[in-house]
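Residue numbers (the working numbering): 41 to 308.
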Ligand SMILES: [Fe+2]
């Protein structure tokens with residue numbers, strides 16, 4: 041039976057000057073981050089990945105998105121890498137407007153994404169109290185698998201309503217990697233977290249291209265509309281790009297909860 045996750049409001053956002061690899065080598069720091077994240081703290085950690093490679097990845101994804109048809113595949117062993125659009129789909133657990141590109145550990149891809157993002161996944165797992173390589177094998181563990189989900193939020197309408205993600209045996213935190221930068225690639229909007237008094241913390245203001253954001257999955261979060269008021273142009277692939285380092289339950293795994301929308305207001 042799945043249980044609802046209790047919301048954990050954000051307390052602060054702290055930027056570290058060490059890369060993911062360096063943080064992984066600092067055991068005491070990881071332990072203190074883990075308890076702080078459990079209590080609602082968020083951390084910005086530079087990925088250490090070459091920025092030009094991240095820009096190349098973004099171009100590659102846009103090219104795939106432009107030149108092949110979107111399709112939906114449930115999360116099961118052997119699922120193909122694929123991309124899909126979500127334009128306010130009412131079947132989603134959380135309403136949003138974005139284009140998503142999914143990669144699974146059992147497939148191969150041009151960028152070797154699971155190798156590239158290996159250290160960031162290791163830190164996610166360790167912060168979640170799990171062995172570093174959990175869920176990264178080709179065979180799922182505990183009914184769950186890692187899934188790399190690149191997400192594109194288009195200028196003039198991309199966004200995601202306020203929600204929490206499940207905290208359970210598979211994760212404490214769902215890191216995101218920025219593939220773009222507010223101010224360069226878009227003007228306004230982006231990721232925000234909410235505090236105990238309901239006020240909004242603009243986490244996007246702390247983030248640069250190549251940065252990872254680690255926060256408690258149970259912290260209410262959303263994506264404020266990217267460049268609200270601008271014309272919407274999905275096909276130009278201009279706007280906010282991120283990579284979500286997800287661990288998901290397989291469709292056949294029933295005992296882990298789903299993401300929960302907190303505010304029914306349509307923020308598109
Ligand atoms: Fe989320």
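For every residue, glycine included, the Cβ atom is placed at its ideal position computed from N, Cα and C.
Residue i CB to nearest heavy atom of ligand 1 below 7 Å
i: residue 210; result: no
i: residue 214; result: yes
i: residue 205; result: yes
i: residue 142; result: no
i: residue 352; result: The structure shown does not extend to residue 352, since the chain is modelled only from 41 to 308, so the question has no answer here.
i: residue 132; result: no
i: residue 139; result: no
i: residue 261; result: yes
i: residue 299; result: yes
Beta-bridge partners of residue i, as assigned by DSSP
i: residue 26; result: For residue 26 there is no data in the structure shown, the boundaries of the chain being 41 and 308.
i: residue 140; result: 124 and 191
i: residue 300; result: 204
i: residue 282; result: 191 and 218
i: residue 264; result: 230
i: residue 241; result: 233
i: residue 54; result: 83
i: residue 287; result: 186
i: residue 256; result: 213
TODO: Could you tell me which uninterrupted beta strand (DSSP E) segments, each at least 3 residues in length, are contained entirely in the stretch 157-232, listed from first to last along the chain?
DONE: 184-194, 199-204 and 216-218
Open item on the list: Does the contact criterion of 3 or more C-beta pairs under 8 Å hold for the stretch 215-222 versus the stretch 293-303?
Closed with: no
Open item on the list: Contact between the stretch 52-66 and the stretch 266-274 is defined here as three or more beta-carbon pairs at a separation below 8 Å; is this criterion met?
Closed with: no
Open item on the list: Pairs of beta-carbons, one from the stretch 166-178 and one from the stretch 122-140, closer than 8 Å: are there three or more?
Closed with: no
Open item on the list: I'd like to know if the stretch 109-124 and the stretch 76-92 are in contact, where contact means that at least 3 CB-CB pairs between them fall below 8 Å.
Closed with: no
Task: Touching by the beta-carbon criterion (3+ pairs, under 8 Å), the stretch 285-298 and the stretch 124-131 - done: no
Open item on the list: For the stretch 224-244 against the stretch 47-58, do three or more pairs of beta-carbon atoms, one drawn from each stretch, fall closer than 8 Å, so that the two count as touching?
Closed with: yes
Open item on the list: Whether or not the stretch 171-188 and the stretch 251-259 are in contact is what I'm after, with contact meaning three or more pairs of Cβ atoms, one per stretch, closer than 8 Å; do they touch?
Closed with: no
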